[in-house]
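Residue numbers (this note's numbering): 19 to 274.
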């Protein structure tokens, strides 16, 4: 039997080449050193009928919730912190859409989208322009674009991000899309720059990516283990659930 790292690399090779199926299954994890930093990496095959990516929000609007509480009540295989939010008001800065319903409005930053055919994209709506929620199963907006057509591309001030902590060295979470409809998530406990996150994502065939909320908000969970611990409560997370045919079962929308 191949060791786990070999199964994971076999999965990545198939993902990049576009082959269907993978020995590691449809959700795979590894820890990898990129340059001087260690990254946790999770690859999700959105072409599978047995995988669903959803967005979860805090239980009570206006009150942030511990990451561990959000994970416990949604029971995912994998979870990661979502978009940036205002700490004082617990309001996300970008739109959140679940199953065609806009849970929270927001016209700031780049967005990870998944349509009703489970196809993922990273899009850059102009500042102030609203995405049509009815077109998407999932939208998490408010991210900082870090990869565009496979090239590092980060200009936070051009996307109206004014807090200098957005582009300083910190714990980071990133997500990107491959040409073959795989989602790749990376997270690290090291203090890194956005360029470092982009470099890690590129190793997995990602051409389009955003940075999600990081620093004290950075959180990552994988099958019972908290790999990156946020130092504050959160308002939204991305989750991955697995099960027969779950890709076509609508996620219950948050009761906000």
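Note that the Cβ used here is the ideal one computed from N, Cα and C, for glycine as well. Every value quoted in this text rests on a predicted model; they were computed, and no experiment measured them.
*In chain order, which continuous runs of the beta strand (DSSP E) of length 3 or greater are located wholly inside the region 92–145?*
96–99, 114–116, 119–122, 128–133, 138–141
*Decide if the region 233–240 is in contact with the region 91–105; the criterion is three or more beta carbon pairs, one per stretch, under 8 angstroms apart.*
yes
*If you check the beta carbons only, do residue 161 and residue 229 fall under 8 angstroms apart?*
yes
*Residue range of the beta strand (DSSP E) that residue 238 falls in?*
238–240
*Alpha carbon to alpha carbon, what distance is there between residue 168 and residue 54?*
21 angstroms
*Closest to residue 188 by CA distance: which of 244, 214, 163, 91 is it?*
214
*Specify, as a first and last residue, the run of the beta strand (DSSP E) that residue 208 falls within.*
200–210
*Measure the alpha-carbon distance for residue 45 versus residue 245 and round it to whole angstroms.*
16 angstroms
*Please state whether DSSP places residue 28 in a helix, a strand or coil.*
With a pLDDT of only 49 at residue 28, under the threshold of 50, the placement of this residue in the model should not be trusted, and no figure is reported.
*asked:* Under DSSP, the beta strand (DSSP E) around residue 186 begins and ends at which residues?
replied: Taken as a continuous stretch (DSSP letters only), residue 186 belongs to no beta strand (DSSP E), as it is neither H nor E.
_Residue range of the beta strand (DSSP E) that includes residue 229_ = 224–229
*Would you check if the region 261–270 and the region 64–81 touch, i.e. whether three or more CB-CB distances between them fall below 8 angstroms?*
yes
*Contacting residues, own chain, Cβ-Cβ under 7 angstroms from residue 133 (five flanking each side not counted)*: 153, 154, 155
*Can you tell which of 201, 143, 209 has the C-alpha that lies nearest to the C-alpha of residue 186?*
209
*What is the rounded straight-line gap between the Cα of residue 270 and the Cα of residue 84?*
20 angstroms
*Can you pull the DSSP bridge partners for residue 48?*
59
*Member of 217, 183, 202, 150 whose CA lies at the smallest distance from the CA of residue 257*: 202
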